[in-house]
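Written out below as structure tokens is the structure these notes cover.
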Amino acid sequence: MSVFTEAELAYLHPGRRLGRIATVGADGTPHVVPVGWTHHREHDTIDVSGRDLEQTEKFRDVRASGRAAIVIDDLASSDPWRPRAIEVRGRAEAISEPAALIRIHPERIVSWGLGPQRGARTVGGGRRTGEKPAARARSRMAGINHVALEVDDIDQALGFYGEIFGLSLRGRVAGGAFIDIGDQFIALTEGRSQPPDDDRHFGLVVDDREAVRRALEVAGAEIVPGRGLDFRDPWGNRVQVVQYDEVQFTKTAPVLRAMGLPGLTKTPAARKELRRKGLA
1465 MSVFTEAELA
1475 YLHPGRRLGR
1485 IATVGADGTP
1495 HVVPVGWTHH
1505 REHDTIDVSG
1515 RDLEQTEKFR
1525 DVRASGRAAI
1535 VIDDLASSDP
1545 WRPRAIEVRG
1555 RAEAISEPAA
1565 LIRIHPERIV
1575 SWGLGPQRGA
1585 RTVGGGRRTG
1595 EKPAARARSR
1605 MAGINHVALE
1615 VDDIDQALGF
1625 YGEIFGLSLR
1635 GRVAGGAFID
1645 IGDQFIALTE
1655 GRSQPPDDDR
1665 HFGLVVDDRE
1675 AVRRALEVAG
1685 AEIVPGRGLD
1695 FRDPWGNRVQ
1705 VVQYDEVQFT
1715 KTAPVLRAMG
1725 LPGLTKTPAA
1735 RKELRRKGLA
């Protein structure tokens, strides 16, 4: 059974395809634009589509907030004046595949001009009979602040990593040290308590992967066979080395300047992927 009334469904289905979607940005700024839409009968949702939708502000807003509203309206008559409309507010999904769309699950429906009285109602959290409750808004992951590695001896670990990379320490405490990488860091902790890593690893971004390979060979470090560049340090921590210009990971220009890396750029393939996701 639909959450829309018979009069509302009759209004939604004769082919009207223009509405106005409202979203809110991360800074609280509202954003309203005209869009194309359809009523998806199976899901009982309002589905918004459009050209290059994934690259739009509204798509990014929905992906971040999980909320949206849409107004679909027209004039039944200008003389006498008879506006009619449906406003739908609710949980929203930013869906990338198979085709990009914004799917609005109705939670509040307001309609006017479709009957003798204006209608306004809450429709059970946007759920149809039998559907699971909509998930509450959850915190979004914004990045990785640091990675912690266990080693047997801090001085030996700093010596090893200092042979492979140019190191700058953020600080040191009893039994620990913090290797600075701009707005992130690696925490070294004394006391290895687990066997060597097999598949478990973390990806370390560098400006020159081949320079790292040469330094590892000179140091006699264990390089893991494979098409990329993975190595294990003397305490069994597995590190995958990736090159900055080949991956989506991006630091701001001020951070790169402060790190002495102002010239780092991205390959065309990496820039294309960032643009596809609306990140460049």
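1465 is the number of the first residue of the sequence shown in this note's numbering; add one for each residue after it.
Glycine included, each C-beta is placed from N, C-alpha and C at the ideal position.
With contacts defined by Cβ atoms closer than 8 Å, residue 1685 and residue 1695 form a contacting pair.
Taking 8 Å as the cut-off, the Cβ atoms of residue 1667 and residue 1719 do not count as close. As the crow flies, the alpha-carbon of residue 1545 is around 15 Å from that of residue 1582. Residue environment analysis places residue 1551 among the buried positions, since at least 16 neighbouring C-beta atoms fall within 10 angstroms of its C-beta. Listed as beta-bridge partners of residue 1483 by DSSP are 1499.
Of the candidates 1630, 1560, 1503 and 1555, the residue whose Cα lies closest to the Cα of residue 1520 is 1560. Around the beta carbon of residue 1716, fewer than 16 other beta carbons sit within 10 angstroms, so the residue counts as exposed. Sixteen is the threshold: since fewer than 16 other Cβ atoms of the shown chains lie within 10 Å of the Cβ of residue 1609, the residue is exposed. Residue burial is scored here from C-beta neighbours: residue 1482 has fewer than 16 other C-beta atoms within 10 angstroms and is therefore classed as exposed.
Bridge partners of residue 1668 according to DSSP: 1705. Listed as beta-bridge partners of residue 1547 by DSSP are 1539. Check the Cα spacing between residue 1632 and each of 1648, 1565 and 1466: the tightest is with 1648. Here DSSP, grouped into helix, strand and coil, assigns residue 1623 to helix.
By alpha-carbon distance to residue 1612, the top candidate from 1542, 1743, 1737 and 1651 is 1651. Each of 1500, 1490, 1494 and 1508 was checked against the Cα of residue 1466, and the nearest Cα belongs to 1508. Where residue 1732 is concerned, the enclosing alpha helix (DSSP H) starts and stops at 1732 to 1740. With fewer than 16 other CB atoms across the displayed protein chains lying within 10 angstroms of its CB, residue 1682 is exposed. In the three-state reduction of the DSSP assignment, residue 1562 falls in the coil class. Taking 3 residues as the minimum length, the beta strand (DSSP E) runs contained wholly in the region 1638 to 1684 are 1640 to 1644, 1649 to 1654 and 1666 to 1670, in order along the chain.
Close CB contacts of residue 1572 within its chain, under the 6 Å cut and outside five residues either way in sequence, are with 1553 and 1586 (chain order). Secondary structure of residue 1614 (DSSP, three-state): strand. Of the other Cβ atoms in all chains shown, fewer than 16 fall within 10 Å of the Cβ of residue 1731; this residue is therefore exposed. Taking a contact to require three or more Cβ pairs closer than 8 Å, the region 1521 to 1535 and the region 1485 to 1501 qualify as touching.
Here residue 1536 is actually not in contact with residue 1512; their C-beta atoms are around 11 Å apart, not less than 8 Å. CA-CA distance, residue 1711 to residue 1673, rounds to 12 Å. In the DSSP annotation of this structure, the continuous segment of the alpha helix (DSSP H) that includes residue 1525 starts and ends at 1521 to 1529. Its chain contains 1503 as the residues whose beta carbon lies nearer than 8 Å to that of residue 1477, once the 5 sequence neighbours on both sides are disregarded; these appear in chain order.
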